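Chains as they are written, first to last, in our numbering: chain A, 1 to 250; chain B, 1001 to 1221.
Don't be surprised by glycine CBs; every beta carbon is placed ideally from N, CA and C.
If you're wondering where the values come from, they're calculated on a predicted model, not measured in any experiment.
Data first, discussion second: the structure below is written as structure tokens.
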């Protein structure tokens, strides 16, 4: 479980995240949704320590990330897997080397054990025959799946996904979404997904925080989001004219 | 220290630069030799001074500094664009998230590799440059083999070699650290990566020339 308590972050005069609190539950897919530029990714970067929040606490199973020294942060980061918006695979490495990278850096596994683990992770994301390919030879969806395989290779306790569906078609998005949900439930990982894709919200949103101009404007589940009367959420969920008409008539 | 990465970088930054360094060194030696011979008009100056002057100018200045500037262009732009691309495509963030010190993983091996391999590259450049001077000097008839060989052995001072290698160490550090800095702090996209790469080459070249002057003043005067 990860607790976010009153997180705030500013860049100069511009306050990007305002007093944000949220609890990410273990074994559930937790979502932060909102418009582009509403502060979702900045919040994620504060959670994983790529940015320092101006105030507030991030507690990893009760451990305050802000009070940790360099070594403690390093240790906790070994428990984190992350899927970046652009996959962030290492260009100079093959798929196999990418997935093996966390194992090489942080475990004492033998070469055989590492290869077995890589094969397992790649088969888990349905990429059995891609070991020798380079990232430049993969499609967008394949890159995302390799990134998921890399993220889970060292058996993380926490999984963060920044816009996992960006640039993907609806069918491939669904595959990625379901993969994230299955892995979360199977390995009882605490997962946070940052998205503005409503298909993802409906498919995997066990717990959702809606961001509006840097503030949490609403919190609930994927069932509740469809029936909420919160105007900001309604405007976001039923953004198109068609959906607005649909909502009015139903 | 990531030693495996150091060896990879030795190959990438050093071994892969040997071709261009050798080609430039051969012609540099040839031109220096022919120019020296052309400049000697007085019959009182012995012809072996062509070899002597070629040796000293190649060893003291051309090989360490010119090769430093060539590597600033080739290696410096390579480092800045590689690290810059990793920055804008979030690969560096991915390393940090995994708990890896990205600077120690990406930059340190490059600096160590350059410090190890660059002196060898410069020594090879000296050898190839002097050899080029011999081949082209003899081929064009401006100097005889005997006079050239006599000249390159005349009053050899080992301190000059020490001076050249000392400069090489400084230049190796400057090229890798300045270029890595510009790559590491790239912000934006492909356009900014290109700008970082250009800036890296310009700054590396300027800093090399400044340090060339300072080291010459400190070590030779």
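Straight-line Cα distance separating residue j from residue i
i	j	result
residue 194/A	residue 1182/B	30 Å
residue 1117/B	residue 4/A	49 Å
residue 115/A	residue 1034/B	60 Å
residue 1108/B	residue 1012/B	14 Å
residue 62/A	residue 68/A	12 Å
residue 1201/B	residue 110/A	42 Å
residue 1051/B	residue 1039/B	13 Å
residue 1022/B	residue 1016/B	11 Å
residue 1152/B	residue 1217/B	25 Å
residue 1063/B	residue 1171/B	12 Å
residue 1121/B	residue 1173/B	14 Å
residue 1135/B	residue 1114/B	30 Å
residue 1168/B	residue 173/A	53 Å
residue 1047/B	residue 1129/B	19 Å
residue 258/A	residue 227/A	Residue coverage of chain A in this structure runs from 1 to 250, which leaves residue 258/A outside it and unanswerable.
residue 256/A	residue 96/A	The structure shown does not extend to residue 256/A, since chain A spans only 1 to 250, so no value can be given for it.
residue 80/A	residue 157/A	6 Å
residue 41/A	residue 52/A	13 Å
residue 1196/B	residue 108/A	38 Å
residue 38/A	residue 1019/B	52 Å
residue 181/A	residue 204/A	6 Å
residue 1095/B	residue 106/A	12 Å
residue 253/A	residue 223/A	There is no way to answer for residue 253/A, as the model of chain A reaches only from 1 to 250.
residue 1165/B	residue 1209/B	16 Å
residue 1078/B	residue 8/A	39 Å
residue 66/A	residue 27/A	24 Å
residue 1141/B	residue 1027/B	16 Å
Nearest neighbour of residue i, chosen from the options [CA to CA]
i	options	result
residue 131/A	160/A, 2/A, 118/A	118/A
residue 1056/B	1200/B, 1154/B, 1208/B	1154/B
residue 1185/B	1102/B, 1018/B, 1061/B, 1158/B	1102/B
residue 84/A	249/A, 212/A, 50/A, 126/A	50/A
residue 1131/B	1010/B, 1018/B, 1030/B, 1016/B	1030/B
residue 219/A	1/A, 33/A, 138/A	33/A
residue 143/A	46/A, 90/A, 36/A	90/A
residue 1212/B	1180/B, 1068/B, 1112/B, 1111/B	1068/B
residue 1163/B	1219/B, 1045/B, 1193/B, 1148/B	1219/B
residue 1099/B	112/A, 29/A, 82/A	82/A
residue 129/A	39/A, 104/A, 94/A	94/A
residue 1119/B	1148/B, 1091/B, 1059/B	1059/B
residue 1149/B	1054/B, 1177/B, 1194/B	1054/B
residue 196/A	233/A, 54/A, 243/A	233/A
residue 88/A	120/A, 124/A, 141/A	141/A
residue 1037/B	1144/B, 1205/B, 1209/B	1144/B
residue 183/A	221/A, 123/A, 240/A, 136/A	123/A
Per-residue DSSP class, three states only, for residue i
i	result
residue 198/A	helix
residue 81/A	strand
residue 188/A	coil
residue 158/A	strand
residue 89/A	coil
residue 19/A	strand
residue 1157/B	coil
residue 261/A	Residue coverage of chain A in this structure runs from 1 to 250, which leaves residue 261/A outside it and unanswerable.
residue 1174/B	helix
residue 125/A	coil
residue 227/A	coil
residue 51/A	coil
residue 141/A	helix
residue 100/A	helix
residue 1181/B	helix
residue 1056/B	helix
residue 39/A	coil
residue 1146/B	helix
residue 119/A	helix
residue 134/A	coil
Residue i - partner residues in DSSP beta bridges
i	result
residue 209/A	32/A, 219/A
residue 10/A	15/A
residue 4/A	22/A, 58/A
residue 193/A	31/A, 161/A
Integer-rounded CB distance, given that residue j should sit under 8 Å from residue i
i	j	result
residue 213/A	residue 25/A	Residue 213/A to residue 25/A, Cβ: 26 Å. No contact.
residue 102/A	residue 145/A	The pair is not a contact, with the Cβ atoms about 16 Å apart (cut-off 8 Å).
residue 162/A	residue 44/A	6 Å
residue 1008/B	residue 1088/B	Contact doesn't hold; Cβ gap of about 22 Å is too wide.
residue 1076/B	residue 1175/B	5 Å
residue 1124/B	residue 1070/B	That pair is no contact at about 13 Å.
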